[in-house]
Amino acid sequence: LIQKRGAAEARRDLTIRVLDAPRDVQARLALAELADKTGRPSEAIEQLEAVLKLGGPLGTRWHDEDRARYARLVLARGRARLARSAATALADLERAGTFGAAATKDEIVQARIAIAVTQLRHTDAKERAKGRATLAGFAKPPRAGSELSDEESWTGAKPDAAPTARAAYGVWAWSVGARREAYDQLAAWHAATKVPRDEKLQGAYLRAVAWWSPVWLGEVKPPHAEDLVGPERCWFPGTECTPPVPEEVTLPPAPVIDAEPRAAVAARYAASRATSLDTAAGATASTGALGSDRAGIAALVPIATAFNRDPSVAERLGRDFVASATDAAAGYATIGALFDALGDPGRARPAWQAAVDASPEPIFVRGLAESAARGGDGPAALVFATQAAAAWGDPAVVWVAVASALVDAGQHVDGLYAARTTLDLAGPEVLPRALDVAVVASRALGRQAQADALLVQRTQLAPRTRTEDADARAALLAHREQPTAATTARLWVASRAQPRDVELRAALIEALDADDARRATVTAELVVLAGDPDPNRALAAVAALRR
1151 LIQKRGAAEA
1161 RRDLTIRVLD
1171 APRDVQARLA
1181 LAELADKTGR
1191 PSEAIEQLEA
1201 VLKLGGPLGT
1211 RWHDEDRARY
1221 ARLVLARGRA
1231 RLARSAATAL
1241 ADLERAGTFG
1251 AAATKDEIVQ
1261 ARIAIAVTQL
1271 RHTDAKERAK
1281 GRATLAGFAK
1291 PPRAGSELSD
1301 EESWTGAKPD
1311 AAPTARAAYG
1321 VWAWSVGARR
1331 EAYDQLAAWH
1341 AATKVPRDEK
1351 LQGAYLRAVA
1361 WWSPVWLGEV
1371 KPPHAEDLVG
1381 PERCWFPGTE
1391 CTPPVPEEVT
1401 LPPAPVIDAE
1411 PRAAVAARYA
1421 ASRATSLDTA
1431 AGATASTGAL
1441 GSDRAGIAAL
1451 VPIATAFNRD
1461 PSVAERLGRD
1471 FVASATDAAA
1481 GYATIGALFD
1491 ALGDPGRARP
1501 AWQAAVDASP
1511 EPIFVRGLAE
1521 SAARGGDGPA
1531 ALVFATQAAA
1541 AWGDPAVVWV
1551 AVASALVDAG
1561 QHVDGLYAAR
1571 TTLDLAGPEV
1581 LPRALDVAVV
1591 ASRALGRQAQ
1601 ADALLVQRTQ
1611 LAPRTRTEDA
1621 DARAALLAHR
1631 EQPTAATTAR
1641 LWVASRAQPR
1651 DVELRAALIE
1661 ALDADDARRA
1671 TVTAELVVLA
1681 GDPDPNRALA
1691 AVAALRR
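This is the structure in structure tokens:
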């Protein structure tokens, strides 16, 4: 077939044959071989797994080279999942070994650790205990006079660990997003020690307490004055200081891609959204689906461009993209994120669902929850949000994102429920946004008294949270009241001082003429911001260019 008609036509003929006769093992094996040779590994795995399920009286009906191909492809998929610390990596690595392609011992260890970290982020105490036991088994004795490595920090995961070791382990757990685990360990250290305590560990303890205890809602009292030391004390009311703000990651410039801005910004969002976890989750990892940033965006631009002409063509190109991915789960997630950016939740949701079915990772479940919310399916969004939030490390991060998506989609009852759940779980960083969403939902439902009460709470938080520069807000307000060349110039000046303010840039895009040199600069900045670690800011940047 290849010699007569070429690889593309051969694949089409074999696909038709498989659809016509699903139990035709030889057609599936031929299609798998062709897919492997033409750079479509996920498609090859799909066909070989179908052959495995079909089986036969004497076992799987395939040749040694088919078995070796399957082992090699599954091993590559396992390594791609391990690169993003997915809990599903171990199953692939072990399965590849049973078919003759063994992973290294170090890879197996890292895959077990990835499972343990995933368990530590869970809200269920039994799950966290499993992860803690795994890490305790890999712990190494600390070396005197040196910075603790991860393995040395895990000494504190042992049941008989000393209080200081438990605190060091708690600091490490916080760094990987396991916030409840971190709080438990640091609280145990605090209870077992007396003043004066190690200032660094005390700071970590205060940070965990600020996250766990609803101090700002007035439900509990802040720690005693003797405990409020160092810069982390500023997370609590009455300290009259500003909490330390983590330094934002510098965004790399968007690679130069010859594409229409609306397609480029959607591709940039999808590439970054599917290849990184929200920073609040405590981890960032490559999916292994896209390769470099430039290559990933370049692969997605044709799909975004086709969508602007005919969404069905984009859907077909998306299937080809998934087939060419090392890991279909990551490929589906990328396509789901792309359709989110293109404003098509109807196509985004099935892609996210396919990603979850292939590898039920929290980042994929969260994507499914947000996509269901944007599509107006509030009950389903809440179900998926519950699953994602339980495994995220900080449940409020998921709940506030889903609440915002529900409110934006007009699902105010479900949005208010999600916002209320966020308020019950939110730390000081997430609480302001949760209150903002709750206020909008309450007003939309005609609950004015409730909205006013929430707004009072939000006002009390304002001095303690990192808000936009007052000049920028004033510039936006002046421009909205009476847009003129002067207010546009004021917006431009304010945007130079606020490099990540999407709202300013959205207003400028609407105000500036097409031939204004400043418009090209703002457009380029929005493309860069579409790759922001905060998915809400990134999606807002996409929306600003796609209006």
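First residue of the sequence shown? That's 1151 in our numbering, and the numbers climb one at a time after it.
Virtual Cβ for every residue (Gly too), placed ideally from N, Cα, C.
{"Asked": "Taking the continuous alpha helix (DSSP H) assigned at F1489, which residues delimit it?", "Found": "1478-1491"}
{"Asked": "Assuming A1705 and E1631 form a contact by the criterion Cβ under 8 Å, report the distance between their Cβ atoms to the nearest whole angstrom.", "Found": "The structure shown does not extend to residue 1705, since the chain is modelled only from 1151 through 1697, so no value can be given for it."}
{"Asked": "What would DSSP say about H1629, mapped onto helix, strand or coil?", "Found": "helix"}
{"Asked": "Could you give the residue range of the alpha helix (DSSP H) that holds N1301?", "Found": "The residue asked about is misnamed: residue 1301 is Glu in this sequence, not Asn. That run of the alpha helix (DSSP H) goes 1300-1303."}
{"Asked": "Pick from D1310, W1322, V1175: whose alpha carbon is nearest that of D1300?", "Found": "W1322"}
{"Asked": "So, with DSSP's three-state summary, where would you put T1634?", "Found": "coil"}
{"Asked": "When the Cα atoms are used, what is the spatial distance from A1568 to V1550?", "Found": "7 Å"}
{"Asked": "What residue range does the alpha helix (DSSP H) around H1213 cover?", "Found": "From DSSP, H1213 is part of no alpha helix (DSSP H); its letter is neither H nor E."}
{"Asked": "With 16 other CB atoms within 10 Å as the buried threshold, where does T1673 fall?", "Found": "buried"}
{"Asked": "Excluding the 5 residues preceding and the 5 following P1387 in the sequence, name in chain order all residues of the same chain whose CB lies nearer than 8 Å to its CB.", "Found": "V1365, W1366, P1372, R1614"}
{"Asked": "According to DSSP, is S1474 helix, strand or coil?", "Found": "coil"}
{"Asked": "What's the gap between the Cα of A1664 and the Cα of A1670?", "Found": "8 Å"}
{"Asked": "I need the DSSP call for D1602, collapsed to helix, strand or coil.", "Found": "helix"}
{"Asked": "Just the Cα atoms here: how many angstroms apart are D1242 and Q1197?", "Found": "16 Å"}
{"Asked": "Grab me the residues of T1273's own chain with a C-beta within less than 7 Å of its C-beta, minus the 5 sequence neighbours each way, in chain order.", "Found": "R1330, A1540, P1545"}
{"Asked": "Since A1714 is in the alpha helix (DSSP H), which residue starts that stretch and which ends it?", "Found": "Because the chain is modelled from 1151 through 1697, residue 1714 falls outside the range shown and cannot be assessed."}
{"Asked": "May I have the straight-line CA-CA distance separating Y1319 from I1485, to the nearest angstrom?", "Found": "38 Å"}
{"Asked": "Tell me whether the beta-carbon of V1326 lies closer than 7 Å to the beta-carbon of V1267.", "Found": "yes"}
{"Asked": "Can you find at least 3 beta carbon pairs, one from the stretch 1180-1192 and one from the stretch 1458-1473, that sit closer than 8 Å?", "Found": "yes"}
{"Asked": "Helix, strand or coil for D1682, going by three-state DSSP, please let me know.", "Found": "coil"}
{"Asked": "Restricting to Cα atoms, I'd like to know which of E1410, E1277, D1377 is closest to Y1355.", "Found": "D1377"}
{"Asked": "Give me the residue from S1296, W1339, L1204, E1257 with the minimum Cα distance to D1310.", "Found": "W1339"}
{"Asked": "I need the DSSP call for A1236, collapsed to helix, strand or coil.", "Found": "coil"}
{"Asked": "What is the DSSP secondary structure of L1581, reduced to helix, strand or coil?", "Found": "helix"}
{"Asked": "Measure how close the beta-carbons of G1228 and A1253 come, nearest whole angstrom, since I'm counting them as under 8 Å.", "Found": "7 Å"}
{"Asked": "Where D1334 and R1162 are concerned, what is the direct C-alpha to C-alpha distance, given to the nearest angstrom?", "Found": "57 Å"}
{"Asked": "Return the Cβ separation of A1454 and A1413 in integer angstroms, given the expectation that the two are a contact with Cβ distance under 8 Å.", "Found": "4 Å"}
{"Asked": "Helix, strand or coil for A1694? Go by DSSP, reduced to three states.", "Found": "helix"}
{"Asked": "Figure out for me which residue from R1234, L1581, G1496, A1417 has the closest Cα to the Cα of V1451.", "Found": "A1417"}
{"Asked": "Taking only the alpha-carbon atoms, compute the straight-line gap between A1420 and T1609 and give it to the nearest angstrom.", "Found": "35 Å"}
{"Asked": "I'd like the list of long-range same chain contacts for V1587, defined as Cβ closer than 6 Å, with 5 residues on each side in sequence excluded.", "Found": "A1553, S1554, V1557, A1569"}
{"Asked": "What residue range is occupied by the uninterrupted alpha helix (DSSP H) comprising K1187?", "Found": "1175-1187"}
{"Asked": "Between V1563 and L1595, which are expected to be in contact by the criterion C-beta below 8 Å, what is the C-beta distance as a whole number of angstroms?", "Found": "7 Å"}
{"Asked": "Measure the Cβ-Cβ separation of W1131 and S1521 and say whether it is below 7 Å.", "Found": "This structure leaves residue 1131 out entirely; the chain is present only between 1151 and 1697."}
{"Asked": "Got a sec, what are the start and stop residues for the alpha helix (DSSP H) K1280 sits in?", "Found": "1275-1287"}
{"Asked": "Should R1282 go down as buried or exposed, given a rule of 16 or more other Cβ atoms within 10 Å for buried?", "Found": "buried"}
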